[in-house]
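Everything in the sequence shown is counted per this note's numbering, starting at 1 for the first residue and increasing by one. Glycine included, each C-beta is placed from N, C-alpha and C at the ideal position. Bear in mind the structure is a predicted one, so any value in this text is a computation, not a measurement. The structure appears below as structure tokens.
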Amino acid sequence: MPEKEWPRIAVVGAGAVGCYFGGMLARAGAPVTLIGRAPHVEAINREGLFIESVHFKERISVSASTEMGAARDAQLVLFSVKTVDTESAAKLLAPHLTPDTIVVSLQNGVDNAERIDFAAGIEVIPAVVYIAAAMAGLGRVKHSGRGDLIVGDPSVSPAPNHDVIRSELKQVASTFTRAGVPCRISENITVELWEKLIMNSAYNAISALSRQKYGRIAKDPGAIDVMKRVVIEAVAVGETEGVHLSADAMIAAVLKLGSEAMPEALSSTAQDIARGKPTEIDSLNGFLVRRGAELGVPTPVNQTLFSLVKLLEQAPSEK
């Protein structure tokens, strides 16, 4: 990708996250195609994508399609489907990629790159996403906090194609930065992914169960105590997995996220429950419960939150 040319970009999974980052790239002049569900696609093709950001309100002209084949000519693919759809979407995407296509996962959880590779043979750059965003209507995104990315090489040791991966990371970071989206390259993306997993596991279920935003949760003594226990369990699972994190540092980061960085955020889990959609809880607290069981690490608080959200998923959505 020449420095002064934008890559052709496809966003697979045009939900709040995909629409925000795809919209920011399109706003800066990149050729972007959003691939998503028909109601949103029709609205975007008819009226453009409307982003109500903390920094601006703007209607952005961008292409949209319901067909995975729209990713065929893309040089950069942003993979942002819900984690429950990871394998099925990856299999549909694979036939439309070239060997030179760069694919970046903007998903929650820590194991999406491995799942995508196993399901469809696609090598993926994992990204850690920090953003408070929600679909406010058809073709409309409301952005209420942050909006930055961290990318990195998930290889434990330098792979034979290390130089290629480093080049791709630089291209991805440069593309986002040029569009006004902060994006840095991590030297240990696995740790960064686990940190985000712990953040999500601390807030998402509580936000869904209480219907509260992060700022309110971070001020409630009872909720804070639950979050601390979630973090302690998660750090113990990570430690046994070989990911070394400080429980005290993570607790401080969790509380800062809600009180300072993203107080207006309503978790994606809460948004999914409100719409009667499946959540990603299996990739958050559920992942910690499964890995804890495999490694012999007790996770009773994560188990409780996971079980309650799964029960809530079965309830009829509010009309």
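Residue of the options minimising C-alpha distance to residue i
i	options	result
residue 30	165, 10, 308 and 209	10
residue 94	69, 83, 82 and 85	69
residue 279	314, 245 and 5	314
residue 240	164, 298 and 134	298
residue 264	249, 213 and 252	213
residue 78	111, 91, 101 and 58	101
residue 198	277, 253 and 92	253
residue 277	225, 85, 251 and 42	85
residue 137	47, 251, 255 and 312	47
residue 250	221, 266 and 194	194
Range covered by the beta strand (DSSP E) that runs through residue i
i	result
residue 199	Unbroken run through residue 199 is the alpha helix (DSSP H), 189 to 210; no beta strand (DSSP E).
residue 320	Residue 320 falls outside the range modelled here, since the chain spans only 1 to 319, and no answer is possible.
residue 185	183 to 186
residue 140	140 to 152
residue 35	32 to 35
residue 10	9 to 12
residue 57	57 to 60
residue 116	From DSSP, residue 116 is part of no beta strand (DSSP E) but of the alpha helix (DSSP H) over 112 to 120.
residue 51	49 to 52
residue 64	63 to 65
Residues near residue i by beta carbon distance below 8 Å, same chain, minus five either side
i	result
residue 189	126, 128, 150, 151, 152, 153 and 154
residue 2	Because the pLDDT of residue 2 is 44, which lies under 50, any placement of that residue in the model is unreliable, and the number read from its coordinates should be weighed accordingly. So no residue of the chain qualifies.
residue 67	35
residue 319	Since pLDDT at residue 319 reaches only 42, below the 50 mark, its modelled position is unreliable, and no value is offered.
residue 58	27, 50 and 51
Alpha-carbon spacing of residue i relative to residue j, whole angstroms
i	j	result
residue 206	residue 305	7 Å
residue 290	residue 303	9 Å
residue 275	residue 211	13 Å
residue 219	residue 176	34 Å
residue 15	residue 76	18 Å
residue 227	residue 107	22 Å
residue 103	residue 130	19 Å
residue 196	residue 65	30 Å
residue 273	residue 163	43 Å
residue 121	residue 54	38 Å
residue 310	residue 5	46 Å
residue 20	residue 166	25 Å
residue 292	residue 98	38 Å
residue 38	residue 144	25 Å
residue 300	residue 261	28 Å
residue 82	residue 268	10 Å
residue 282	residue 111	12 Å
residue 221	residue 266	19 Å
residue 92	residue 12	10 Å
residue 312	residue 168	41 Å
Beta-carbon proximity list for residue i, same chain, < 7 Å, skipping 5 on both sides
i	result
residue 192	128, 150, 152 and 186
residue 87	115 and 119
residue 113	105, 124, 126 and 154
Beta-carbon spacing of residue i, residue j below 8 Å
i	j	result
residue 44	residue 109	no
residue 141	residue 52	yes
residue 247	residue 237	no
residue 17	residue 80	yes
residue 28	residue 179	yes
residue 271	residue 134	yes
residue 215	residue 258	yes
residue 288	residue 234	yes
residue 209	residue 308	yes
Residue i, enclosing alpha helix (DSSP H) - first and last residue
i	result
residue 98	Element bounds for residue 98: n/a, residue is neither H nor E.
residue 292	285 to 295
residue 72	Careful: residue 72 lies outside any alpha helix (DSSP H) and carries neither H nor E.
residue 236	221 to 241
residue 174	162 to 178
residue 303	300 to 313
residue 269	268 to 274
Sequence-distant residues of the same chain with beta carbon closer than 6 Å to residue i, five excluded per side
i	result
residue 32	9, 22, 25, 26 and 62
residue 284	200, 201 and 204
residue 147	131
residue 286	306
residue 223	206 and 217
Min CB distance residue i to chain D below 8 Å
i	result
residue 249	Here chain D cannot be found, since the structure has a single protein chain.
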